[in-house]
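So the sequences go chain by chain: A and B.
Heads up, the first sequence is in the UniProt record's numbering, so the first residue is 1 and it goes up one at a time.
Heads up, the second sequence is in the UniProt record's numbering, so the first residue is 1 and it goes up one at a time.
Backbone N, C-alpha and C define an ideal beta-carbon position, used for all residues, glycine too.
On a predicted model such as this, the values are computed, not experimentally measured, just so you know.
Protein chains: 2
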Amino acid sequence: MKDNNDMPGHLARRFQQIAVAVFLAEVEDAGFDLTPVQYAALATIKANPGLDQVTLAGLIAYDRTTITGVIDRLVQKGLAERRASSRDRRARELVITDEGRRTLRKITPAVESAQRIMLRGLSAKEGEELMRLLRKAIAAGNDLSRAPLRDIQA
Amino acid sequence: MKDNNDMPGHLARRFQQIAVAVFLAEVEDAGFDLTPVQYAALATIKANPGLDQVTLAGLIAYDRTTITGVIDRLVQKGLAERRASSRDRRARELVITDEGRRTLRKITPAVESAQRIMLRGLSAKEGEELMRLLRKAIAAGNDLSRAPLRDIQA
DNA sequence: CGATATTGATCAGTATGCTGACGATCAGTA
DNA sequence: TACTGATCGTCAGCATACTGATCAATATCG
């Protein structure tokens, strides 16, 4: 039987498990309570004010059904707001609040520290190579998940 | 602001997302209904008959609270059994059933196919390198998650 | 031996993620 | 314009994962 350590799927799960744990620990040390998913959503809302939920989902490769709950929690924490769109009454426009902006700014060092810690076993060169290979594998498999990454179309 | 594609945490999440989707699709095509976690647990039970749940958790780096539900479902599907341990009345000994063995055997091609598909964007050499780097990063971060990998101690 | 600490399994609660479905709305077309 | 199909957001249901707690049983040590 193949060893777990020869299975990319197992290694993927394990690495992600560590990445999430490191992220949460660093963020909590900084005095905040924000998950990796919530952070990514908030940062993307800030960079694309007024975008709708489906577009947000595409930009960070979430399933659109997952977004609902994530936004719920961002709104509940006062970091983002959901507004009715004037152009499309089905859609909700997402905007970051002032507190969301403040939180993002203050949390950034912890987030960057987390990225370093999860690569601490690798040299800088190896870390770069790992990211390159992950990007390449992800690009080839993008459409294999229900929540592919999608650019904003103009 | 840093791009998502420069964040190992984001790449980890995305790669794992694809890995799970590929696994489930291949296994379903083969006519089975088994998640990656259930597969890993079942294979580990087969390789270590009579092990208890905490040991199983350590061997595949699960949280022990997650194991309970996973085993519940394996038992419910008739693939594994939970038996009272004679040596330690707190512990449950896990064993694979004949049907579990049959399922494992028949599902193996699909599992191996899934591992290939999730690396299809990479050359064989790159795939090996990706796995090497993941193993190295994971080893360095093993104790950072609540569910570290643990060997069986004799 | 007995008090204390530890361990195995489970539970409640919360947060991703997925499938499949739904109602409301919009877009394209006959 | 009326019909058809697609899209946006949400929901119910299920399966990982985690935190923190509890109960029963075992280990350890004075």
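So, is residue i buried or exposed, given that buried needs 16 or more other C-beta atoms within 10 angstroms?
i, result
"Ala154/A", "Only weak support exists for where Ala154/A lies, its pLDDT of 38 falling under 50; the value from the coordinates is given anyway. Its Cβ having fewer than 16 others within 10 Å, Ala154/A is exposed."
"Glu26/A", "buried"
"Ala40/A", "buried"
"Thr44/B", "buried"
"Pro36/A", "buried"
"Gly127/B", "buried"
"Arg102/B", "exposed"
"Ala12/A", "buried"
"Arg14/A", "buried"
"Ala57/A", "buried"
"Ala124/A", "exposed"
"Ala139/A", "exposed"
When you compare only the Cα positions, how much space is there between residue i and residue j?
i, j, result
"Val75/A", "Met7/B", "25 angstroms"
"Leu130/A", "Arg120/B", "16 angstroms"
"Ala30/A", "Arg116/B", "40 angstroms"
"Phe23/A", "Pro109/A", "11 angstroms"
"Gly69/A", "Gln38/B", "26 angstroms"
"Ala19/A", "Ser145/B", "8 angstroms"
"Leu79/A", "Leu104/B", "47 angstroms"
"Ser113/B", "Gly9/A", "11 angstroms"
"Val54/A", "Gly100/B", "41 angstroms"
"Leu134/A", "Lys136/B", "15 angstroms"
"Arg92/B", "Pro148/B", "21 angstroms"
"residue 200/B", "Lys46/B", "Because chain B spans 1 through 154 in this model, residue 200/B falls outside it and cannot be assessed."
"Arg89/A", "Leu51/A", "14 angstroms"
"Ser86/B", "Gln17/A", "34 angstroms"
"Phe32/B", "Asp98/B", "16 angstroms"
"Ile67/B", "Ala84/A", "43 angstroms"
"Pro49/A", "Ile60/B", "42 angstroms"
Step through the CB atoms of chain B and report whether any lies within less than 7 angstroms of the CB of residue i.
i, result
"residue 155/A", "Only positions 1 to 154 of chain A appear in this structure, which leaves residue 155/A out of reach."
"Gln17/A", "yes"
"Asn5/A", "yes"
"Gln153/A", "Annotation note: pLDDT 49 at Gln153/A (below 50); position unreliable, coordinate value reported separately. For Gln153/A, the answer is no, since every Cβ of chain B falls outside 7 angstroms of its Cβ."
"Gly121/A", "yes"
"Glu126/A", "yes"
"Leu134/A", "yes"
"Gly141/A", "yes"
"Gly100/A", "no"
"Leu130/A", "yes"
Answer with yes or no whether the minimum CB distance from residue i to chain A is below 7 angstroms.
i, result
"Ile71/B", "no"
"Phe23/B", "yes"
"Ile138/B", "yes"
"Gly31/B", "no"
"Pro36/B", "yes"
"Gly9/B", "yes"
Hey, residue i and residue j are a contact pair by Cβ (cut 8 angstroms); roughly how many whole angstroms apart?
i, j, result
"Leu94/A", "Ile71/A", "7 angstroms"
Whole runs of the alpha helix (DSSP H) within the UniProt domain "HTH marR-type" (8-139) of chain B, excluding any shorter than 4 residues: 8-29, 36-47, 53-60, 64-76 and 98-117
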